[in-house]
């Protein structure tokens, strides 16, 4: 038997003691990559559809 504690609402992401959640962007972002030989041609390197949103900003050191 396994005992689980907590909620199952959304997957949380932990980054340096900060808890965030994945949020879908309203408009997708495109990352373009250029080839060194062909300066005028840009290719799509990635499509970003989600971001990580944190509850609070980190404190200054």
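Residue numbers (the working numbering): 17 to 77. All C-beta atoms, glycine included, are put in the ideal place defined by N, C-alpha and C.
Exercise for the section: Could you give the DSSP three-state label for residue 46: helix, strand or coil? Expected result: strand
Problem - Reduced DSSP category for residue 72 - H, G, I as helix; E, B as strand; rest coil - result: coil
Practice task
State the Cα-Cα distance for the pair residue 64 and residue 41, rounded to the nearest angstrom.
Solution key: 8 Å
Practice task
Check residue 38 in the structure and name its three-state DSSP category.
Solution key: strand
Practice task
Just the C-alpha distance for residue 61 and residue 51, rounded to the nearest angstrom, thanks.
Solution key: 11 Å
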